[in-house]
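Notes for the one structure printed next.
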Amino acid sequence: MKRSNRSARGRAVGVVCAVAASLSLLSACSSDDGDDTSSGAKESESASQQDQASNATPTGRLNEDQAERKKLLSATKVDWDKAARTAEKEVSGSKLLDIELGDDNQGNPEWEAEVVASDGTSTDVNIDAVTGKVSGSTTDKDQDADDKKENTDKLAAAKITAVKAAETATDRKKGKVTSVALDDSDNGSTVWSVDVVTPATWDKTSFDIDAANGKVLNEHVDKD
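Once you know that position 151 of the sequence shown is 238 in this note's numbering, the rest is easy, because the numbers rise by one and skip nothing.
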């Protein structure tokens, strides 16, 4: 009888151990599945965050044109109107036809002006935008009578000055003038085209201002 009891107890212990082992195995599998699920979720979340980061546009990043405007204007010490007067003095009796802020091919800011003499001959004058000194001037020898007449006709049609046109533009949009040019509009009228750059964003706003009466005909913001 004692042997029988020991045998029964042995079988009972064996059953308990088997059940415990099964439960332990199930628990381990469940834990592994949970870890895999958690790990997979984390990997998916990380990949999603990386995708979002790669597609996002960082706040405050300037495009190429905006960066160029910032670079030139930050280094410029001489405003457009002073540079224009310097260009007009370079050619006696001349008047400004256009002026624009550019660079001297070495990354330094430079005002590139075109002035017209009384006979209609135009001369390009470059002014250092830091020192205000003339860095060079050239007169195209191939200008014919038609070219000269076109220049004098434009100037004759302008009843308001370049300075007044620039003031009109900056009254509407605060910023730095980077270009003033006397042009023909699509409808045949003569206009002052004025570009104003806003330092807060480095966007450029272009104005077409009627050269006869000073009215703003067009305003366009270039954010590119």
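All residues carry an ideal CB built from backbone N, CA and C; glycine is no exception.
Practice item. Report the three-state DSSP secondary structure of Thr-163 (helix, strand or coil). Key: Counting from one through the sequence shown, the residue named residue 163 turns up at place 76. In this structure, Thr-163 counts as coil in the three-state DSSP scheme.
Point to revise | Rounded straight-line distance, which links the Cα of Lys-310 to that of Asp-138 | key: For this step, residue 138 is matched to residue 51 along the sequence shown. For this step, residue 310 is matched to residue 223 along the sequence shown. Caution is warranted here: a pLDDT of 41 is assigned to Asp-138, below 50, making its placement in the model unreliable, and the coordinate value is therefore given only provisionally. Using only the alpha carbons, I get a separation of about 26 Å.
Exercise for review: Return the residue from the list Val-250, Ala-170, Ala-204 and Asn-192 that minimises the CA-CA distance to Glu-155.
Suggested key: The residue labelled residue 155 in the question sits at position 68 within the sequence shown. Residue Asn-192 is the option with its Cα nearest to Glu-155.
Practice item. May I ask which residues mark the beginning and end of the alpha helix (DSSP H) holding Asp-234? Key: Residue mapping note: residue 234 aligns to position 147 of the sequence shown, counting from 1. Residues 232-244.
Check your understanding: Thinking C-beta only, is Val-267 closer than 8 Å to Leu-279?
Key -> The residue you call residue 279 lines up with position 192 of the sequence shown. The residue you call residue 267 lines up with position 180 of the sequence shown. It should be noted that the sequence gives Trp, not Leu, for residue 279. Yes, they are a contact pair.
Review point. Should the region 296-303 be regarded as contacting the region 193-207, the criterion being three or more beta carbon pairs within less than 8 Å?
Key: Under the three-pair Cβ rule at 8 Å, the region 296-303 does not count as touching the region 193-207.
Check your understanding: Is DSSP giving Asp-229 helix, strand or coil here?
Key -> Here the question's residue 229 lines up with position 142 in the sequence shown. Correct three-state label for Asp-229: coil.
Exercise for review: Spatial neighbours of Ile-247 within its chain, please: CB distance less than 7 Å, with the 5 preceding and 5 following residues excluded, ordered by chain position.
Suggested key: For this step, residue 247 is matched to residue 160 along the sequence shown. Within the same chain, Cβ atoms closer than 7 Å to the Cβ of Ile-247 are found at Ala-298 and Gly-301, the five residues on either side in sequence being excluded.
Check your understanding: Under the rule that 16 or more other beta-carbon atoms within 10 Å means buried, what is Val-103, buried or exposed?
Key -> As a position in the sequence shown, residue 103 is number 16, starting the count at 1. Since pLDDT at Val-103 reaches only 38, below the 50 mark, its modelled position is unreliable, and the value read off the structure follows with that caveat. Val-103 should be labelled exposed.
Exercise for review: For the alpha helix (DSSP H) holding Thr-255, just list the boundary residues, first then last.
Suggested key: Position 168 of the sequence shown, counted from the first residue, corresponds to residue 255. First-last of the alpha helix (DSSP H) with Thr-255: 249-259.
Check your understanding: So, helix, strand or coil for Asp-168, using DSSP?
Key -> Along the sequence shown, read from residue 1 onward, the residue named residue 168 stands at position 81. It is helical.
Check your understanding: When we look at the beta-carbon of Asp-56 and count the other beta-carbons within 10 Å, is it buried (16 or more) or exposed?
Key -> With the chain represented from 88 up to 311, any question about residue 56 goes unanswered, as that position is not in the structure.
Practice item. Return the bridge partner residues of Gly-189 from the DSSP annotation. Key: The count along the sequence shown starts at 1 and reaches residue 189 at position 102. DSSP, once it has assigned bridges, lists Glu-197 as partnering Gly-189.
Check your understanding: By Cβ distance, which residues of its chain are closer than 7 Å to Ser-179, with the 5 residues on each side in sequence left out?
Key -> For the purposes of this step, residue 179 is taken as residue 92 along the sequence shown, with counting starting at 1. Taking Ser-179 as the centre and dropping the five residues before and after it, the same chain places no C-beta closer than 7 Å to its C-beta.
**Study point:** Coarse secondary structure for Lys-182, derived from DSSP in three states
**Key:** Position 95 of the sequence shown, counting from 1, holds the residue named residue 182. Three-state DSSP puts Lys-182 in a strand.
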